[in-house]
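Numbering (our numbering), first residue to last: 7 to 113.
Don't be surprised by glycine CBs; every beta carbon is placed ideally from N, CA and C.
Worksheet: the structure to be examined is printed underneath.
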């Protein structure tokens with residue numbers, strides 16, 4: 007583990023201990039701790055790992071909405087406010103769905 011990660015984890019643990027000493031409710035301490043740890047993990051995540059995680063989440067959401075062409079754009083709109091980025095994301099999600107469907111047909 008890198009020195010940077012260790013120092014960030016120490017900082018989070020110290021914050022949690024400080025919250026406990028101030029007698030903050032355990033649920034709040036837990037939520038804050040998890041939130042801070044997730045920020046560290048997300049920053050440490052490789053771009054390819056983040057992309058795979060986002061793609062998997064988008065595929066699950068599209069299946070929940072029904073695999074229509076519009077579902078890809080709906081998911082993209084949830085991700086960003088920028089119309090250009092929305093279109094790029096929607097195209098990527100449609101391509102992922104096509105690839106998944108082709109693999110299912112070939113299998």
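{"query": "Mind checking whether residue 18 and residue 39 have CB atoms under 8 Å apart?", "result": "yes"}
{"query": "What ranges does the alpha helix (DSSP H) occupy inside the stretch 33-91, keeping only unbroken runs of at least 4 residues that lie completely in it?", "result": "53-71 and 75-85"}
{"query": "From what residue to what residue does the alpha helix (DSSP H) around residue 12 run?", "result": "9-27"}
{"query": "Here's the rule I'm using: 16 or more other beta-carbon atoms within 10 Å means buried, otherwise exposed. How should residue 96 be labelled?", "result": "buried"}
{"query": "Going by beta carbon distance, what residues of the same chain come within less than 7 Å of residue 67, once the five residues before and after it are set aside?", "result": "81"}
{"query": "Evaluate the contact criterion for the stretch 20-34 versus the stretch 48-64: three or more CB pairs, one atom per stretch, below 8 Å.", "result": "no"}
{"query": "According to the neighbour-count rule (16 or more other Cβ atoms, all chains shown, within 10 Å of its Cβ), is residue 13 buried or exposed?", "result": "exposed"}
{"query": "Less than 8 Å between the CB atoms is what I'm expecting for residue 123 and residue 21, so what's the real figure, rounded?", "result": "Absent from the structure is residue 123, since the part of the chain shown begins at 7 and ends at 113."}
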